[in-house]
Amino acid sequence: MRHVNILEKLDFNNFKVSVKSSDVLTCITAYQLLASAIEQPLHLGITESGGMVNGTVKSAIGIGLLLCKGIGDTLRVSLAADPINEVKVGFHILQALNIRKRGVNFIACPTCSRQEFDVINVIKTLESRLEDVTTPMDISIIGCMVNGIGEAEKADIGVSGHRNKRMAKINVEQNQFEEALLYLNKALVLAEDSNLKSLIALRKARLMLQQNETKNAENILNNITHPGWKELALYILNHDMHFKKLKS
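If you're matching positions, the sequence shown starts at 1 in the UniProt record's numbering and goes up one per residue.
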């Protein structure tokens, strides 16, 4: 406080204040007291927080709690790890609190006996392949139909286990449809699954039908090879190309 008073007396206001501690509770208390005493912007951080796992947990709790109280203007995550991970953890803290909307938000389940495909490795692959995506988007990857279908309904793109198969559902505005398909095709290791590829093709054909691109839609539907989806594609072709509803 003494240094803050000195700067104020000199009419210098272009600064922010930080009172970091490696102890989470001490840090939270200190910032709360400081926020009630001064008007200058505050720089948050749990300093010397430890390695990747321990430091991430401490930073998420300390920084996250303060931000939820409306305290803090800038932040730095301090990890005994690659500095790139400091930036990533900081961004994910902001994303989890809906302060920053950028890139993909993954909803994924932990391992359990109901999983019908390898969720952990799928998520690892997706996180790596989609880290350059900047458009805000929720993608749910759930290993079974118990929770998967409900999460898919809320997400922009959802993949769920379903009776020893995989199903996908895409919920996006029409003007985002092509972008969503691009992300899904780019990202999913599941895209090699003919069931999923056929579903993507059906969704794309639906968009083309809505835009009266009948010939292009017909070409897509004719190229579907998966037996189950082929039957649905033929139904569409035989009913004046009118696609009312697709149940995922």
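For glycine and all other residues, C-beta sits at the position ideal for the given N, C-alpha and C.
Note that the coordinates shown come from a computational prediction; the quantities given were computed from them, not determined experimentally.
Boundaries of the beta strand (DSSP E) around S160: I157 to G161. Excluding the 5 residues flanking it on each side, Q115 has same chain C-beta neighbours closer than 7 Å at G143, C144 and G161, in chain order. Residue burial is scored here from C-beta neighbours: D11 has fewer than 16 other C-beta atoms within 10 angstroms and is therefore classed as exposed. In this structure the stretch 66–86 lies against the stretch 26–36, because at least three pairs of beta carbons, one per stretch, are closer than 8 Å. The Cβ atoms of V77 and V89 lie closer than 8 Å to each other.
In terms of Cα proximity to K154, the closest of I107, I38 and G64 is I107. By the criterion of at least three beta-carbon pairs nearer than 8 Å, the stretch 122–133 is not in contact with the stretch 90–98.
The beta carbon of T56 sits closer than 6 Å to those of V89, all from its chain and outside the five residues before and after it, given in chain order.
Taken through DSSP and simplified to helix, strand or coil, M137 comes out as strand. In terms of Cβ geometry, L75 and G45 form a close pair [threshold 8 Å].
The beta-bridge partner set that DSSP reports for L44 consists of L75. In the displayed model, N219 falls within a helix according to three-state DSSP.
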